[in-house]
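Chains E and F, in that order, give the protein sequences. Under the working numbering, the first residue of the first sequence is numbered 3, with each subsequent residue one higher. Under the working numbering, the first residue of the second sequence is numbered 1196, with each subsequent residue one higher. Where is the CB? At the ideal position from N, CA and C, for every residue including glycine. Heads up: the structure comes next, in structure tokens.
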Amino acid sequence: MPERYLLDFEEPMRRIRHQIREMEDWSDRDPEYTKNEIKRLEDQEKRLSDEIYSNLTSWQRVQIARHPQRPHTLDYIKKMTTDFIELHGDRKTGDDPAMVAGFAKIGDIPVAVIGQQKGHDNESRIKRNFGMPNPEGYRKALRIMKLAEKFSRPVLSFVDTPGAFPGIEAEEHGQGEAIARNLMEMSMLQTPIIVTIIGEGGSGGALGIGVGDKIVMLENSWYSVIAPESCAMILMRSTEKKDKLTESLKLTAQDLKKLGLIDNIIKEPVGGAHNDPDLVAKRLKADILKILPELMKTSGTNLVKQRIHKFKAMGRWSE
Amino acid sequence: MSWLETMKKSFHIGSRGEVPGGIWVKCETCGAILLRDRLIENLWVCDKCEYHFRITPNEYVELLFDKNTFSELFASVKDIDFLRFVDTKKYYQRIKTARSSTGFNSAIITGTGKIDGHKVASGMMDFRFIGGSLSSSVGEKIVRLADYAIDKKLPVIMITQSGGARMQESTTALMQMAKASAAIGLLAEAKLPYIVILTNPTTGGVTASFAMLGDIHFAEPKALIGFAGPRVIKEAMKCELPEGFQKSQFLLEHGYCDKIVSRHHMKTEVSKVLGLLMD
């Protein structure tokens, strides 16, 4: 197993982990002594970890959502489904590696899957454009969703993006139009859509595949109108106060559930999904399989009616 | 007023709205010094470079609607500071300031009126109201406007002018993009024309939702229209942006705008389209 990458607030764990490793190396020489010592250190690690993770700030959750070892869309597809076939291209301009799409089976149910894809090392991160789709990505996702509607298959959407790519070509190819089209088409799509925010839910780029009948969030993912540090730059002209501003943005799964903008939260293992991806995939799969049958029983027309009603109810104003 | 003060005042060159008494205005694009009264007569269009100064919903009502036919709808829908959001100022303070400076309750004015006798429903955004940003009240008013139009079988004319989604309402503001787009979807299903007039600037979450979903897109000349802001793109790409990037002409060339229409012809063109699509 590769050494775990530690986030800044996890630094106190580094020393204890180092001590545990040293002890383990020493264990042939004095098994009895090292066993006790390891036990003691592990208890200490547990206490420290409880202290660190039981009161995570919003900014710390944002950091976990961006953890370099966090599982991404293809990991979940691999762990949760069978018979996956990835389909490529928007049939207009090209194929966007920052968005994956295709069909697969979850349990016995054939479904369409779409999602932003990040890389796991430098090379693949660049190839996947850090999970920031271009218009071609949104159009590919829409193409697969329209196929899902045509063949009466539910759509599973996995959201994990810092945002849609802000590039010259992206603008030339109509980034705004591509996202807008998806929002409208997803509102009107006559087949069930379950959206899961698995990591970063960055703004319009996330929402571009984020309209659905049920919105699920992993415990340590975030979903906001803007990335917290960009918000701090625009509103405060500095990222110094990003911790406080992240709190105000109410972007955690817990906050959004309270605000009524999402439906379910999937619990992650202590420290984040990267500590046990199989467990998170298992929990998410169980949740989706619980939600799906009810949605599949509902007619397309009623699904659309309910979905539009759900989104129309979002917002706070007075009269 | 002393002679000197009078002179100072008459030579003060301000941008629009900034110097109520100034008689000269500097063009924000070409830098020409323009006589305010002539500029007003010319519908706030620079006669040197065709730049369209930003105008308010009140002025669009004058420009587009037959005399005394416009009546406002849903005017009482107001923004509230439900997150108690504070950046350099408190959000509720920003709302208060915007309300008193514009006389409106929201960054969009909705209503109904006649354009050359065609009855329409219309939404007009106001950049002065917290950058015309998309808030819950804006989303709600667009939904009501679309529902109203469907009920009365009216086309919808939307004038966009916005920096994007309202950051102070966070994810709730983001959801307004979906909410407004769903409303436009219902309008499309009812086969009612939806005409968007893109004005300077239309960016971010507004571009990525109801601004880019029109059956017909008109744009005022030289307006900035795009998803990501030019500064953000410049930073991400680490290069200079091409001349005219994200301006109306750029959208026309790339296929995202049907026609660039100057303010002087806007009413005629909208009316022409309505005549061709309705009745």
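Short CB-CB distance (under 8 Å) between residue i and chain E
i                          : result
alanine 1373 of chain F    : yes
alanine 1316 of chain F    : no
alanine 1360 of chain F    : yes
alanine 1302 of chain F    : no
glycine 1439 of chain F    : no
serine 1295 of chain F     : no
aspartate 1311 of chain F  : no
threonine 1307 of chain F  : no
alanine 1476 of chain F    : The question about residue 1476 of chain F has no answer here: the residues shown for chain F are numbered 1196 through 1474.
glycine 1470 of chain F    : no
histidine 1449 of chain F  : yes
leucine 1234 of chain F    : no
isoleucine 1379 of chain F : yes
serine 1365 of chain F     : yes
serine 1266 of chain F     : no
serine 1357 of chain F     : no
serine 1443 of chain F     : no
leucine 1436 of chain F    : yes
Buried versus exposed call for residue i [16 or more other C-beta atoms within 10 Å across all chains shown]
i                            : result
asparagine 131 of chain E    : buried
cysteine 1313 of chain F     : According to the sequence as given, residue 1313 of chain F is histidine; it is not cysteine. Classification of histidine 1313 of chain F: buried, given that the 10 Å Cβ count is 16 or more.
leucine 253 of chain E       : buried
phenylalanine 160 of chain E : buried
glycine 1421 of chain F      : buried
threonine 248 of chain E     : buried
isoleucine 211 of chain E    : buried
threonine 1283 of chain F    : exposed
aspartate 1321 of chain F    : buried
phenylalanine 153 of chain E : exposed
serine 1331 of chain F       : buried
Three-state secondary structure assigned by DSSP to residue i
i                             : result
threonine 198 of chain E      : strand
glutamate 88 of chain E       : strand
phenylalanine 1269 of chain F : coil
phenylalanine 167 of chain E  : coil
serine 1376 of chain F        : helix
serine 189 of chain E         : helix
isoleucine 1303 of chain F    : strand
leucine 8 of chain E          : coil
asparagine 304 of chain E     : helix
asparagine 266 of chain E     : strand
tryptophan 61 of chain E      : helix
leucine 295 of chain E        : Leucine is not the amino acid found at residue 295 of chain E; the sequence shown has proline there. In the structure shown, proline 295 of chain E sits in a helix (DSSP, three-state: H, G or I).
tryptophan 319 of chain E     : strand
serine 1457 of chain F        : coil
glycine 104 of chain E        : strand
leucine 286 of chain E        : helix
methionine 1483 of chain F    : In the structure as shown, chain F starts at 1196 and stops at 1474, and residue 1483 of chain F therefore has no counterpart that could be examined.
phenylalanine 160 of chain E  : strand
glutamine 71 of chain E       : coil
histidine 1207 of chain F     : Here the model assigns histidine 1207 of chain F a pLDDT of 47, short of 50, so the residue's position is not dependable and the matter cannot be decided.
asparagine 38 of chain E      : helix
Interface flag, residue i vs chain F, CB-CB below 8 Å
i                        : result
glycine 302 of chain E   : no
arginine 318 of chain E  : yes
glutamate 321 of chain E : yes
proline 168 of chain E   : yes
lysine 94 of chain E     : no
tyrosine 35 of chain E   : no
7 Å Cβ cut-off: residues of chain B touching residue i
i                      : result
serine 1376 of chain F : Absent from the structure: chain B. Protein chains present are E and F.
Problem - Under 7 Å (Cβ pairs) to chain E, residues found in the segment 1321-1355 of chain F - result: Ser1331, Ser1332, Gly1334, Glu1335 and Val1338
Exercise for the section: Can you give me, in chain order, the residues of the segment 66-92 of chain E that have a beta carbon less than 9 Å from any beta carbon in chain F? Expected result: none
Problem - Interface residues of the segment 170-186 of chain E facing chain F [CB-CB below 9 Å] - result: Taking 9 Å as the cut-off between beta carbons, the residues of the segment 170-186 of chain E near chain F are Ile170, Ala172, Glu173, Glu174, His175, Gly176, Gln177, Gly178, Glu179, Ala180, Ile181, Ala182, Arg183, Asn184, Leu185 and Met186, in sequence order.
Problem - Any 3 or more C-beta pairs closer than 8 Å across the segment 129-147 of chain E and the segment 1394-1414 of chain F - result: no
Practice task
Using a Cβ-Cβ cut-off of less than 9 Å, list which residues of the segment 1382-1413 of chain F approach chain E; keep chain order.
Solution key: Ala1383, Glu1384, Thr1397, Thr1398, Gly1399, Gly1400, Val1401, Thr1402, Ala1403, Ser1404, Phe1405, Ala1406, Met1407 and Leu1408
Exercise for the section: Give the residues from the segment 249-263 of chain E that approach chain F closer than 7 Å (Cβ to any Cβ), ordered along the chain. Expected result: Ser250, Leu251, Lys252, Leu253, Leu258, Leu261 and Leu263
Practice task
Decide if the segment 79-87 of chain E is in contact with the segment 34-51 of chain E; the criterion is three or more beta carbon pairs, one per stretch, under 8 Å apart.
Solution key: no
Exercise for the section: Compile a chain-ordered list of the residues in the segment 1416-1432 of chain F whose CB is closer than 7 Å to at least one CB of chain E. Expected result: Gly1421, Phe1422, Ala1423, Val1427, Ile1428, Ala1431 and Met1432
Practice task
Compile a chain-ordered list of the residues in the segment 119-147 of chain E whose CB is closer than 8 Å to at least one CB of chain F.
Solution key: none
Practice task
Report yes or no: do the segment 1223-1239 of chain F and the segment 1355-1366 of chain F share at least 3 C-beta pairs separated by less than 8 Å?
Solution key: Contact between the segment 1223-1239 of chain F and the segment 1355-1366 of chain F is absent, because fewer than three Cβ pairs lie under 8 Å.
Problem - Touching by the beta-carbon criterion (3+ pairs, under 8 Å), the segment 196-205 of chain E and the segment 1455-1474 of chain F - result: no
Handout entry: Cβ pair count under 8 Å reaching 3, the segment 56-72 of chain E against the segment 102-119 of chain E
Key = no
Problem - Touch test, the segment 1297-1314 of chain F against the segment 1258-1266 of chain F, Cβ-Cβ under 8 Å, three pairs minimum - result: yes
Exercise for the section: Using a Cβ-Cβ cut-off of less than 7 Å, list which residues of the segment 1268-1283 of chain F approach chain E; keep chain order. Expected result: Ser1271, Val1272, Lys1273, Asp1274, Ile1275, Phe1277, Leu1278, Phe1280, Val1281, Asp1282 and Thr1283
Practice task
Can you give me, in chain order, the residues of the segment 189-214 of chain E that have a beta carbon less than 7 Å from any beta carbon in chain F?
Solution key: Ser189, Met190, Ser205, Gly206, Leu209 and Val213
Exercise for the section: Mind the definition here: the segment 1332-1343 of chain F touches the segment 1369-1383 of chain F only if three or more C-beta pairs lie below 8 Å; say whether that holds. Expected result: yes
Exercise for the section: Decide yes or no for the touch test of the segment 1430-1439 of chain F against the segment 203-210 of chain E: beta carbon pairs closer than 8 Å, at least 3 of them. Expected result: no
Problem - Given 8 Å, three or more beta-carbon pairs between the segment 291-304 of chain E and the segment 1250-1262 of chain F - result: Result no; under three Cβ-Cβ pairs closer than 8 Å.
Practice task
May I ask you to verify whether the segment 236-246 of chain E touches the segment 28-42 of chain E, counting CB pairs closer than 8 Å and requiring at least 3?
Solution key: no
Exercise for the section: Select from the segment 266-284 of chain E all residues with a C-beta closer than 7 Å to any C-beta belonging to chain F, and list them in chain order. Expected result: Taking 7 Å as the Cβ-Cβ cut-off against chain F, none of the residues of the segment 266-284 of chain E qualify.
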